[in-house]
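Inspection log for the structure reproduced underneath, given as structure tokens.
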Amino acid sequence: MLHFHNLTLGYARHPVVHHLHGQVPAGSLLAVIGPNGGGKSTLLKGILGQLPPLEGRIELHIPRNRIGYLPQQSRIDRQFPVTVREVVAMGLWQHCGLFGRLAHAQRHKIEGALERVGLAGMADASLDALSGGQLQRALFARLSLQDAPLMLLDEPFSAIDTQTSEDLLALLREWQAAGKTLIAVLHDMHQVSRHFPQAMLLARDVIAWGATDAVVTEANLNRARGLPTAPNPDARECHRTTPEHTS
Ligand SMILES: Nc1ncnc2c1ncn2[C@@H]1O[C@H](COP(=O)(O)OP(=O)(O)OP(=O)(O)O)[C@@H](O)[C@H]1O
């Protein structure tokens with residue numbers, strides 16, 4: 001689904017993710033973990049094509065506009081005057097355009113997606129009336145309508161109550177069982193160990209990547225904590241490469 005070839009990503013020539021090699025096979029459920037500033041969101045931006053590589057490349061086996069993306073909740077403008085229906089309808093924009101009128105079948109799909117995430121009857125609620133957990137449920141409904149083969153989720157369960165997290169984790173497993181490839185940035189190691197078969201520990205360099213049990217170890221986490229994650233303005237361009245990884 002996704003293949004990293006000696007990928008280096010960064011800002012203004014300062015590398016943040018270094019020399020990433022390896023592939024994410026179709027159908028993976030991969031957690032990206034690591035310290036603050038370790039480059040997790042930067043990696044998602046690279047995959048989305050929002051940040052061109054400083055070096056190397058990303059081989060993507062689907063068109064970029066077929067990637068589903070759930071941004072960090074803090075990036076959502078909740079004061080924007082829209083209803084839950086309008087937000088969820090954006091998941092169908094490839095079928096009806098962003099400002100097109102919703103056909104009966106599309107309204108039906110939206111109702112179904114809302115019901116599936118536990119928001120039945122909430123379509124006309126305004127976005128600012130939702131709790132954090134309800135908003136995340138609505139964003140999952142939008143993602144489900146997008147029906148993308150690859151989905152990237154940036155901290156989908158931060159500041160979300162346990163019941164909502166459990167419900168949405170069940171949805172992720174359902175999507176994986178249907179053949180989707182899922183990559184999620186997460187901070188809760190307990191959640192990662194319980195629900196994600198594969199993990200990548202990123203602290204600018206990949207510390208470990210593979211089966212979650214082998215990645216989430218005290219030794220690896222300590223190593224990641226000990227690495228500098230602040231940008232170094234004096235960093236020189238580096239030509240190191242690392243061996244190929246297959247998740
Ligand atoms: N737009 C930007 N311009 C310049 N530097 C940036 C930009 N976005 C992120 N960075 C820097 O890149 C580094 C990695 O940031 P990134 O957001 O990818 O980390 P992260 O692992 O997702 O962190 P967190 O867990 O805190 O969300 C940080 O040092 C950050 O300050």
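Using the UniProt record's numbering, the letters of the sequence shown correspond one by one to residues 1 to 247.
We treat Cβ as the ideally placed atom computed from N, Cα and C, and that holds for glycine.
Given this structure, state the Cα-to-Cα distance separating H61 from F80, to the nearest angstrom. When rounded, the separation of the alpha-carbon atoms in H61 and F80 is 35 Å.
Under 6 Å from any heavy atom of ligand 1, does the C-beta of N36 make it? Correct: N36 has its Cβ closer than 6 Å to ligand 1.
Can Y11 be considered in contact with ligand 1, in the sense that its beta carbon sits closer than 6 Å to one or more heavy atoms? For Y11, the Cβ falls inside the 6 Å cut-off from some heavy atom of ligand 1.
Hey, would you say the C-beta of G49 is under 6 Å away from at least one heavy atom of ligand 1? No, Cβ of G49 sits at least 6 Å from all heavy atoms of ligand 1.
Using DSSP bridges, identify the partner residues of S126. Paired residue(s): T83.
Is it true that the CB of A203 sits closer than 7 Å to the CB of G34? The criterion of a C-beta distance shorter than 7 Å is satisfied by G34 and A203.
Going straight from the alpha carbon of P52 to that of V117, what length do you get? Their backbone Cα atoms lie some 35 Å apart in a straight line.
In the DSSP assignment, the beta strand (DSSP E) including L60 goes from what residue to what residue? Unbroken beta strand (DSSP E) run through L60: E55 to L60.
Using C-beta distances below 6 Å, list every residue in its chain close to V215, excluding the 5 sequence neighbours before and after it, in chain order. Scanning its chain for C-beta atoms nearer than 6 Å, with the 5 sequence neighbours on each side dropped, one finds around V215 the residues A199, L201 and A208, in chain order.
Could you work out which residue in V82, L7, R173 and A105 is closest to L135 when comparing CA atoms only? Of the listed residues, the one whose Cα sits closest to L135 is V82.
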